[in-house]
Amino acid sequence: MTPTAAVPQPRATYRRLSVEERRAQLLLAALGLFAHRAPDEVSLDDVAVAAGVSRPLVYRYFPGGRQQLYEAALGSAADELKLCFTEPPEGPPTERVARVLDRYLRFVDEHDTGFSALLRGGSVVETSRTTTIVDGVRRAAADEILRHLGRIGGAGEGEQPAGPRLRMMVRSWIAAVEAASLIWLDDGKRPAAAELRGWLVDHLIALLAATAATDPETASVVSDLLALETAGGPAGQLAERVIPVVAEAAHLLPAAAASD
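Under UniProt numbering, think of the first position of the sequence shown as 1, with each following residue one higher.
Here it is, written out as structure tokens:
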């Protein structure tokens, strides 16, 4: 019987990564670890194992050690988080905000432990540089929301900047979104993300309405916004739920008091 000739197996191809590709690989591995562990619990050895490389190689790309690696990973995550707030100016504004929040909460869900550690602070790797990165995300998020409201945070040529009351209101809402996200993580991601998103959109509408009562600029923004909304959208659904509640306060109106 003639022996069967061994079939040659194809050799695994090896491609040397470029400097940019290797750095991206290490950052991706680090982000995966920072997403689910507090920053000060991640070592360079952990990153090396996750990336399938040696510890000296990690040091070669990040000679500043864990601090430099964390800041680079944080900057990469910040860029991703900023993209969550980028939405084309199409359709009713509150529906755009809802889509923004869907992406934001998905990011929070996928980076739960790292997100919590980042916003709570207190990490041994927290510095003025990391604080600046985080604050940059907050400001970028506020500017994007202001754009959806027909205003922008800056004052570039041809742009209408937001006044102090409106800008403060939007930044306060961003802070509330952060706080709600942390509480959501603490409570085991309950309620469902879609329910939390709906409540946060309602919160924004309520803040706009309250601010519009005493700020002419915000009143103009709300008027323009409502003209773009639909009965089935977030603003319409909130109005349907709130009007019966507000009706209970009719006796507080001056006209009602005068008729008594």
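For glycine and all other residues, C-beta sits at the position ideal for the given N, C-alpha and C.
- Closest option to Arg165, judged by alpha-carbon separation, among Arg197, Ala213, Ile133: Ala213.
- Here DSSP, grouped into helix, strand and coil, assigns Pro161 to strand.
- Rounded to whole angstroms, the Cβ separation of Val222 and Leu208 is 5 Å, and the two are in contact under 8 Å.
- Of all alpha-carbon atoms in Leu33, Ser220, Glu20, Ala141, the one lying nearest the alpha-carbon of Tyr70 is that of Leu33.
- In the same chain as Tyr61, and ignoring 5 residues on each side of it, the C-beta atoms closer than 7 Å to its own belong to Arg22, Arg23, Leu26, in chain order.
- Where Gly232 is concerned, there is no enclosing alpha helix (DSSP H), because DSSP gives it neither an H nor an E.
- In the DSSP assignment, Gly32 falls within the unbroken alpha helix (DSSP H) covering 19-36.
- Excluding the 5 residues flanking it on each side, Ala141 has same chain C-beta neighbours closer than 6 Å at Phe85, Ile174, in chain order.
- Rounded to whole angstroms, Ala179 and Ala239 show a C-alpha spacing of 25 Å.
- With a contact defined as Cβ atoms closer than 8 Å, Glu195 and Thr94 miss out at about 16 Å.
- Distance between Val58 and Val47, taken at the CA atoms: about 8 Å.
- Comparing alpha-carbon positions, the option among Val108, Thr127, Val170 lying closest to Arg147 turns out to be Val170.
- Pro39 and Glu80 have their C-alpha atoms some 18 Å from each other.
- Looking at Gly75, Ala29, Tyr104, the one whose alpha-carbon comes closest to that of Asp135 is Gly75.
- Closest in alpha carbon position to Arg139, among Met168, Arg16, Val53, Thr127, is Met168.
- Ala77 and Ser18 have their C-alpha atoms spaced approximately 22 Å apart.
- Residue pairing of Ile152 in beta bridges, as defined by DSSP: Pro161.
- Secondary structure note for Asp187: it is in no alpha helix (DSSP H), with a DSSP letter that is neither H nor E.
- Of the other Cβ atoms in all chains shown, fewer than 16 fall within 10 Å of the Cβ of His251; this residue is therefore exposed.
- The shortest CA-to-CA distance from Ile205 to any of Val49, Ala98, Ile183, Glu90 is the one to Ala98.
- Classified as buried, Arg151 has 16 or more neighbouring CB atoms from the shown chains inside 10 Å of its CB.
- Excluding five sequence positions before and after Asp102, the CB atoms of its chain that fall closer than 7 Å to its own CB belong to Arg197, given in chain order.
- The beta carbon of Asp45 is closer than 7 Å to those of Arg55 in its chain, skipping five residues each way along the sequence.
- The C-alpha of Gly52 is placed about 23 Å away from the C-alpha of Thr113.
- Ala213: not part of any alpha helix (DSSP H); DSSP gives it neither H nor E.
- Within the same chain, Cβ atoms closer than 8 Å to the Cβ of Gly233 are found at Pro92, Thr94, Glu95, the five residues on either side in sequence being excluded.
- Annotation for Leu57: the continuous alpha helix (DSSP H) segment containing it runs 55-61.
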